[in-house]
Amino acid sequence: MDSDLRKNVLRANALPDALQDLDINHEDDSDSEEAEAQAQPLTELPFPPLTKQHILNCSYHEWHPKYKAITPKARLIPLTEPFLDYLRADGIILPEDDDDPPVTWSDNDSGVFSSETETDDTDGANDGEADIAAQWRHVHNNIKATIKELGGNVVPKLNWSAPKDATWINAGNSMECRNPGDIYLLLKSSDFITHDLGHAFDDCIDDGPAPQIDYHLALRKTVQLNPSLEFRCFVRNREILGICQRDQNHFEFLFNMQDKLRERIQHFFEKRLKHTFPDPNFAFDVYIPPPHERVWLIDVNPWALRTDPLLFSWLELLTMSGPTPQQTKEPKTVRLQLRTEGKSSADANPPAEEQKDGESSDEEEEIWTPEIRLIGSDDPEAYSFSTQKYSAHKLPKDVVDASTGGEGQLREFAQQWKELLEKQREQAEESEAD
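All residue numbers for the sequence shown refer to full-length UniProt numbering, where the first residue is 1 and numbers rise by one.
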């Protein structure tokens with residue numbers, strides 16, 4: 001019995017040493033695993049999980065009512081399912097309005113323009129008499145009334161995107177629209193709008209069934225914005241990490257006022273967006289017109305790869321150091337000591353002890369300021385004259401596909417195009433003979 005007791009005592013005495021050795025070995029293993037993890041390069045950008053709710057929060061119709069007072073004048077028009085079907089349908093058929101005849105532009109004929117009033121021998125019916133907008137006539141009328149309300153000139157936008165890639169098809173090569181037909185032409189010609197309609201939740205995590213999207217058409221009163229004064233701001237953990245200009249050109253005057261611009265944007269964010277937007281991570285666009293005292297909110301974008309980081313990279317934005325808790329805490333209350341009767345100011349406020357070298361005070365604590373990036377005169381972006389914006393969207397998709405499919409596919413496309421032109425020539429000759 002004494003022998004067993006002695007063995008147990010020896011085991012108990014040896015247990016702390018064993019546990020200490022175990023902890024040391026465990027720490028060594030943890031250090032080696034951490035070093036190994038740090039040594040491995042990133043295989044994908046470390047985005048937080050992209051949720052469908054975050055995408056919805058960045059939809060124009062979700063955030064605009066809350067921030068209506070700080071955005072340019074705009075109106076929202078709810079869209080019905082028949083109108084959405086019209087936007088998704090192939091071909092461009094503009095509804096008849098007043099005395100203007102309907103016009104068709106079909107994707108099936110590789111961009112060949114034709115009139116809806118032409119007869120079709122296959123069905124023997126004249127579709128030109130049908131009202132393409134019959135099922136969404138009230139939407140059409142709302143659009144007409146809103147254009148008139150906003151002064152007769154508007155810029156369209158769907159929930160997340162504006163049809164900036166389709167301005168080539170609009171008169172004046174701009175997004176300015178004076179009638180509903182201009183709006184429909186832009187919306188149906190835009191790849192950005194197609195993405196909004198069919199791929200809004202791409203790259204989102206599987207956190208349940210996709211919610212119903214309430215699609216809205218936003219019509220903004222046309223105002224002349226100076227592109228040099230538009231900026232994109234990137235927010236992570238409810239702090240602005242970076243600010244950069246949106247227009248990819250050099251503007252020398254911005255460098256002399258960048259501190260003022262940063263201060264204006266930071267104050268605007270702290271007062272208007274920091275504690276009111278539902279997500280901690282997002283990007284937002286602002287406009288600061290002369291005299292550069294007021295900031296206007298233009299757009300809110302998801303914290304996701306689909307948002308253009310412009311002069312930053314997403315790797316930078318996801319990995320750069322943010323402000324410390326001390327740099328983001330609220331400013332301390334300042335105590336003012338009133339001078340009492342019979343005492344001098346020196347008596348009322350005794351001198352502070354002389355600060356020694358190396359000591360720091362709260363007043364001297366470094367204040368966090370987000371980085372602001374502008375395009376310099378020697379930056380390559382300032383001289384990209386040969387590159388047009390959205391140039392990849394200015395050709396029919398079948399042409400782009402053929403150009404990337406090698407010489408054989410391009411030759412096949414050229415042959416099909418030749419046959420199509422020959423067929424049209426024959427039809428024209430038959431029409432003249434009749």
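The C-beta atom is built at its ideal place from N, Cα and C for all residues, glycine as well.
| query | result |
| --- | --- |
| Apply the 10 Å Cβ neighbour rule to D378 and answer buried if 16 or more other Cβ atoms are within range, or exposed otherwise. | exposed |
| Please classify S391 as buried or exposed, where buried requires at least 16 other C-beta atoms within 10 Å of its C-beta. | Here the model assigns S391 a pLDDT of 49, short of 50, so the residue's position is not dependable and the matter cannot be decided. |
| Helix, strand or coil for P227 per DSSP? | helix |
| N237 to T194, Cα distance in whole Å? | 31 Å |
| Rounded to whole angstroms, what is the Cα-Cα separation between I240 and P65? | 23 Å |
| So, helix, strand or coil for I70, using DSSP? | helix |
| Can you pull the DSSP bridge partners for P156? | L219 |
| Identify, in the order they occur along the chain, each residue of the same chain with its Cβ nearer than 6 Å to the Cβ of F268, setting aside the five sequence neighbours on each side. | V295 |
| Can you name, in chain order, every residue of its own chain whose Cβ lies under 8 Å from the Cβ of L261, other than the five neighbours on each side? | F231, I243, L254, I288, H292, I372 |
| Consult DSSP for D165 and reduce its assignment to one of helix, strand or coil. | helix |
| Three-state secondary structure (DSSP) at E293? | coil |
| My output table needs one value for P180: the three-state DSSP class, helix, strand or coil. | helix |
| Out of N141, A304, F284, which has the shortest C-alpha to C-alpha gap to Q266? | F284 |
| For R238, name the three-state secondary structure that DSSP assigns. | coil |
| Can you name the start and end residues of the alpha helix (DSSP H) that L273 belongs to? | Premise fails: L273 is in no alpha helix (DSSP H) and is neither H nor E. |
| Looking at C-alpha atoms only, which residue of V286, E252, D247 is the closest neighbour of R264? | V286 |
| According to DSSP, is R246 part of a helix, a strand, or is it coil? | coil |
| Hey, how far is the Cα of L150 from the Cα of I92? | 26 Å |
| With a Cβ-Cβ cutoff of 8 Å, do D191 and A304 count as a contact? | no |
| Just to confirm the assignment, what range does the beta strand (DSSP E) spanning F282 have? | 282 to 287 |
| Mapping DSSP to helix, strand and coil, what is N173? | coil |
| On the criterion of 16 or more Cβ atoms from any shown chain inside 10 Å, does Q245 qualify as buried, or is it exposed? | buried |
| Around the C-beta of N281, are 16 or more other C-beta atoms found within 10 angstroms, so that it is buried, or is it exposed? | buried |
| Determine contact between the stretch 68 to 75 and the stretch 165 to 178, defined as no fewer than three beta-carbon pairs at a distance below 8 Å. | no |
| Express the C-alpha separation of L87 and A145 in angstroms, rounding to a whole number. | 20 Å |
| Could you pull the DSSP bridge partners for C233 from this structure? | I243, F284 |
| Quick one: what does DSSP say I265 is sitting in, helix, strand or coil? | helix |
| According to DSSP, what are the bridge partners of D378? | Paired residues: none, contrary to the question. |
| In terms of DSSP beta bridges, what is P211 paired with? | According to DSSP, which records beta bridges pairwise, P211 is partnered with nothing at all. |
| DSSP three-state label for I367, please. | coil |
| With DSSP run on the structure shown, which of helix, strand or coil describes N126? | Per-residue confidence for N126 stands at a pLDDT of 48, beneath the threshold of 50, marking its modelled position as unreliable; no derived number is given. |
| Going by beta-carbon coordinates alone, are N159 and I213 separated by less than 8 Å? | yes |
| Return yes when the Cβ of A210 is within less than 8 Å of the Cβ of K52, no when it is not. | yes |
| Any idea if D182 is buried or exposed, counting beta-carbon neighbours within 10 angstroms, 16 or more meaning buried? | buried |
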